[in-house]
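Q: Numbering (my numbering), first residue to last: 818 to 1393.
Every residue, glycine too, gets a C-beta built ideally from N, C-alpha and C.
Quick one: structure below, then a few questions.
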Amino acid sequence: MDYRDRYRKWLESPAIDESTRGELISIKDDETEIKDRFYKELEFGTAGLRGKLGAGDNRMNKYTVSRATQGLANFILSGDPAYREKGVVIARDSRHMSKEFAEISAAVLAGNGIKVYIFDDIRPTPLLSFSVLQLSTVAGIMITASHNPKEYNGYKLYWDDGAQVLPEIADEVYTQMRKTELFVGSKTIPLEMARKKGLLVEVGKELDDLYISKVLSLTLRDSEDELDKSIRIVYTPLNGTGNIPVRRVLDERGFENVFVVREQEWPDPDFTTVGYPNPEDIKAFALAKRLGLEKDAHILLATDPDADRLAVMVRDDDDYVALNGNQTGALLVNYLLLSMSEKGLLPENGFIVKSIVTGDMAKVIAEGFGVRTYEALTGFKNICGKALDIEERGEGRFIFGYEESIGYVAGNFVRDKDAVSTSMLLCEMAAYYLKAGKSLLDVLEELFAKYGVFSEKQISIVLEGVSGQKRVERIMKEYRKSYPSEIDGSKLTHYLDFLSGVDTDIMNGKESETGIPFSNVIKFSFDDGSWYAVRPSGTEPKLKIYIYSRSKNKEEALSKVDRIERIVLGRIESVE
């Protein structure tokens, strides 16, 4: 069935509502829009569903959400009979249609006789992960598109370990989803009936309080002798879910000067004052910087709409400097391990986990504390999955996990990135160094002096639609066939293809297994310690390039990154 057939199927179905039919009629003369909406179905991948809002197979709407949830229900019912009573917990963010999608999901699960816990209002993603563990549910659903633009929404699925589902479960759910007829294949009952039957339970404050207590338990230093709690902090939740929990935890820790960007304090699904609500993009800090200068703040914090990512800027004379995810991760690893070591809390078998496209600075720091670093595929389902696997085998105690895209988690009560707990730890860290007369930039320079200067750059090439997807496929295919063996005197030593699972030692021609699950990522390491990786994004229409170097000084480190960028982009741009 081609995209035109799919379009007609929707338009002619007696099951669709008039609003959806009207939307479809409005695009009848726009061939490009029809093709984009119907050239494929939204797949239930390891990130669940994510896409633009609207009518169509390749869109987030009540029909695709209902179908996905029926797929989940079928999978749950095919398993342990106890799963039905263990149930599913559902949370949502502040985006358009998030409430409707949460309620649709609840109605479908209840319609299948599966118990549902649903939050009474918006909540951050880490609280959903925590609630799966706390309530001992079989699964959790988070309705969010994280940091995507306002036109998007998404559906993240978690399993009973509190982490996002791994491919084996996602594939099973997708199989069941495909077996479900789109418009009338889902079983559903009204929410009021579900409540009367005891299948729907509203949750909120009690789980909030338990979660905050766990976040506070991560505290490593709290006395006035160790921290300067007068540190001046500007915070923006970017109109998302972080506002209440982040402010609460900082208040309960006793930070006296926390200033919130008022224009971005409360939910706004249109993200009117920021546009693209991704705190990795420095433009998202525009209002925070203005308030920071007004309040003479030491640090600026921003969380994304579902409060699982955290970005930081640090005062430097009359301006603010952004820390990237690798730098923030390295600073946190250094602070956590230093504090735990000084207080006798560092476990003998402690370990951290980072993604394969995250820098190596934290790994080098961890080695100095006798802490091992493991690597996992991109995404916290993989980072936390690796941590769980190691702990379950009794081979270590998880301390910290992070990836370069500003995601971090400490402890084991949340199995996903957590901007709420990280905000607290980062403020504690900044207050500790402020007490010693240092900024986080000063500490970073000290780490560079001790371990070498680590430099990095991430490049995202946006390739949207059908043509963009096909070009990404061509680039990955051609790059595997032909890649630079030398860049300005630096010789290639290892080529890792995570799709085939092979690590090739270029120097002796030997091959070994990467030890990482299969994924469409290629990575190239050179004899001077620099490396780069290329992969398609799993959630956005982008090709991502990650470039890293390590040198004795900043100029040389930056120069290496620039040289690699020039050669790699030249090769990629040659693929039509």
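Could you compute how far the alpha carbon of Ile939 sits from the alpha carbon of Pro1084?
A: Mapped onto the sequence shown, residue 939 falls at position 122. Mapped onto the sequence shown, residue 1084 falls at position 267. If you take the alpha carbons of Ile939 and Pro1084, they lie about 9 angstroms apart.
Q: Is it true that the CB of Asp910 sits closer than 8 angstroms to the CB of Gly1057?
A: Within the sequence shown, residue 1057 is the residue found at index 240, counting from 1. Within the sequence shown, residue 910 is the residue found at index 93, counting from 1. Yes, these two residues count as a Cβ contact at 8 angstroms.
Q: Return the chain-ordered ranges of every alpha helix (DSSP H) run that is complete within the region 989 to 1049 and spans a minimum of 4 residues.
A: 1008 to 1013, 1022 to 1033
Q: Indicate whether Pro941 and Val1237 have their beta-carbon atoms separated by less than 8 angstroms.
A: Within the sequence shown, numbered from 1, the residue matching residue 941 stands at position 124. Within the sequence shown, numbered from 1, the residue matching residue 1237 stands at position 420. Going by C-beta atoms, Pro941 is nearer than 8 angstroms to Val1237.
Q: In three-state DSSP terms, what is Pro1353?
A: Looking up residue 1353 in the sequence shown gives position 536. Strand.
Q: Identify whether Ser1272 lies in helix, strand or coil by the three-state DSSP scheme.
A: Stepping through the sequence shown from its first residue, residue 1272 is reached at position 455. Of the three classes helix, strand and coil, the one that applies to Ser1272 here is strand, per DSSP.
Q: Is the number of C-beta pairs between the region 1156 to 1169 and the region 1215 to 1227 that are closer than 8 angstroms three or more?
A: yes
Q: Count the other C-beta atoms from every protein chain shown that fall within 10 angstroms of the C-beta of Ser1277, then say buried if there are 16 or more, exposed otherwise.
A: Taking the sequence shown and counting its residues from 1, one reaches residue 1277 at position 460. It is exposed - the Cβ of Ser1277 has fewer than 16 other Cβ atoms within 10 Å.
Q: Quick check: what's the CA-CA separation for Ala1128 versus Ser1222?
A: Residue mapping note: residue 1128 aligns to position 311 of the sequence shown, counting from 1. Residue mapping note: residue 1222 aligns to position 405 of the sequence shown, counting from 1. Between Ala1128 and Ser1222, the C-alpha separation is close to 9 angstroms.
Q: Comparing alpha-carbon positions, which option in Phe892, Ala1114, Gly1092 lies nearest Asn1074?
A: As a first step, residue 1074 must be located in the sequence shown, where it is residue number 257. Nearest option by C-alpha distance: Ala1114.
Q: Does the region 1011 to 1024 come close enough to the region 1254 to 1269 that 3 or more CB-CB pairs lie under 8 angstroms?
A: no
Q: Under a three-way DSSP split, which group does Thr1120 fall into?
A: Numbered from 1 along the sequence shown, position 303 holds the residue referred to as residue 1120. Thr1120 falls in the strand class under three-state DSSP.
Q: Assuming Asp1233 contacts Asp1125 under a Cβ cut-off of 8 angstroms, what Cβ separation, rounded to an integer in Å, is found between them?
A: Against the sequence shown, residue 1233 aligns to sequence position 416. Against the sequence shown, residue 1125 aligns to sequence position 308. That belief holds up - the Cβ atoms of Asp1233 and Asp1125 are roughly 6 angstroms apart, short of 8 angstroms.
Q: Could you give the uninterrupted runs of the beta strand (DSSP E) lying entirely in the region 1088 to 1141, keeping only those of 3 residues or more?
A: 1116 to 1120, 1127 to 1133, 1136 to 1140
Q: Does DSSP put Phe1335 in a helix, in a strand, or in coil?
A: If you number the sequence shown from 1, residue 1335 lands on position 518. It is coil, neither helix nor strand.
Q: Near Gly1285, what residues of its chain come up, given a Cβ to Cβ distance below 7 angstroms and the 5 sequence neighbours on each side ignored?
A: Translated into positions along the sequence shown, residue 1285 becomes position 468. Answer for Gly1285: Pro1358, listed in chain order.
Q: Using only the alpha-carbon positions, how far apart do Glu858 and Leu1242 sit?
A: One-based indexing of the sequence shown puts residue 858 at position 41. One-based indexing of the sequence shown puts residue 1242 at position 425. Rounded to whole angstroms, the gap between the alpha carbons of Glu858 and Leu1242 is 41 angstroms.
Q: Could you give the distance in angstroms between the alpha-carbon of Ser1317 and the alpha-carbon of Pro1334?
A: Reading the sequence shown from its first residue, position 500 is the one you call residue 1317. Reading the sequence shown from its first residue, position 517 is the one you call residue 1334. In a straight line, the C-alpha of Ser1317 is about 9 angstroms away from that of Pro1334.
Q: With Ile1216 as the anchor, note down where its beta strand (DSSP E) starts and where it stops.
A: Residue 1216 sits at position 399 when you count from the first residue of the sequence shown. Counting along the chain, the beta strand (DSSP E) containing Ile1216 begins and ends at 1214 to 1220.
Q: Looking at the C-beta of Arg1291, does it have a partner C-beta in chain D at a distance below 8 angstroms?
A: Absent from the structure: chain D. Only one protein chain is present.
Q: Tell me which residues share the same chain as Gly865 and place their Cβ nearer than 7 angstroms to its Cβ, disregarding the 5 neighbours each side in the sequence.
A: As a first step, residue 865 must be located in the sequence shown, where it is residue number 48. Correct list, in chain order: Gly971, Tyr972, Lys973, Leu974.
Q: Taking the straight line between their C-alpha atoms, what separation do you get for Ser1368 and Gly1306?
A: Indexing the sequence shown from 1 puts residue 1368 at position 551. Indexing the sequence shown from 1 puts residue 1306 at position 489. Approximately 15 angstroms between the Cα atoms of the pair.
Q: Using only alpha-carbon positions, find the residue among Tyr880, Asp819, Met818 that is nearest to Arg838.
A: Residue mapping note: residue 838 aligns to position 21 of the sequence shown, counting from 1. Closest option to Arg838, Cα to Cα, is Tyr880.
Q: In three-state terms, what does DSSP make of Thr1190?
A: Position 373 of the sequence shown, counted from the start, is the residue given in the question as residue 1190. Note: Thr1190 maps to strand in three-state DSSP.
Q: Is it true that the region 837 to 853 meets the region 930 to 939, where meeting means three or more beta-carbon pairs spaced less than 8 angstroms apart?
A: no
Q: On the premise that Ile893 lies in contact with Arg884, defined as a C-beta separation below 8 angstroms, what is that separation, rounded to the nearest angstrom?
A: For the purposes of this step, residue 884 is taken as the residue at position 67 of the sequence shown. For the purposes of this step, residue 893 is taken as the residue at position 76 of the sequence shown. Arg884 to Ile893, Cβ: 15 angstroms. No contact.
Q: On a Cα-Cα basis, can you pick out the residue from Leu1386, Ser953, Lys1371 that is closest to Ile1362?
A: The count along the sequence shown starts at 1 and reaches residue 1362 at position 545. Of the listed residues, the one whose Cα sits closest to Ile1362 is Leu1386.
Q: Start and end of the alpha helix (DSSP H) containing Met1241?
A: Mapped onto the sequence shown, residue 1241 falls at position 424. 1236 to 1252 is the span of the alpha helix (DSSP H), which, as asked, contains Met1241.
Q: Can you tell me the Cα-Cα spacing of Lys1340 and Lys1371, whole angstroms?
A: In the sequence shown, the residue the question calls residue 1340 occupies position 523. In the sequence shown, the residue the question calls residue 1371 occupies position 554. Their Cα atoms are separated by approximately 23 angstroms.
Q: Can you give the Cα-Cα distance for Thr849 and Ser836, rounded to whole angstroms?
A: Position 32 of the sequence shown, counting from 1, holds the residue named residue 849. Position 19 of the sequence shown, counting from 1, holds the residue named residue 836. One C-alpha to the other measures close to 21 angstroms.
Q: Would you kindly report the start and end of the unbroken beta strand (DSSP E) that includes Ala1227?
A: Within the sequence shown, residue 1227 is the residue found at index 410, counting from 1. Taken as a continuous stretch (DSSP letters only), the beta strand (DSSP E) holding Ala1227 covers 1224 to 1227.
Q: Which class does Gly971 belong to by DSSP, given the choice of helix, strand or coil?
A: On the sequence shown, residue 971 is found 154 positions in, with the first residue counted as 1. Here Gly971 sits in strand by DSSP.
Q: Identify every residue that forms a DSSP beta bridge with Glu1330.
A: One-based indexing of the sequence shown puts residue 1330 at position 513. In DSSP, Glu1330 forms a bridge with Val1319.
Q: Less than 8 angstroms between the beta carbons of Ser963 and Asp1087, yes or no?
A: Translated into positions along the sequence shown, residue 963 becomes position 146. Translated into positions along the sequence shown, residue 1087 becomes position 270. The answer is no: Cβ separation not under 8 angstroms.
Q: Assuming the contact rule is C-beta atoms closer than 8 angstroms, Leu1055 and Pro1096 should be a hit. Round their C-beta distance to whole Å, please.
A: Position 238 of the sequence shown, counting from 1, holds the residue named residue 1055. Position 279 of the sequence shown, counting from 1, holds the residue named residue 1096. That belief holds up - the Cβ atoms of Leu1055 and Pro1096 are roughly 7 angstroms apart, short of 8 angstroms.
Q: Beta-carbon within less than 7 angstroms of Ala1247's beta-carbon, same chain only, minus the 5 sequence neighbours each way: which residues are those?
A: On the sequence shown, residue 1247 is found 430 positions in, with the first residue counted as 1. So the qualifying residues of the chain are Ile1048, His1115, Ile1116, Leu1257.
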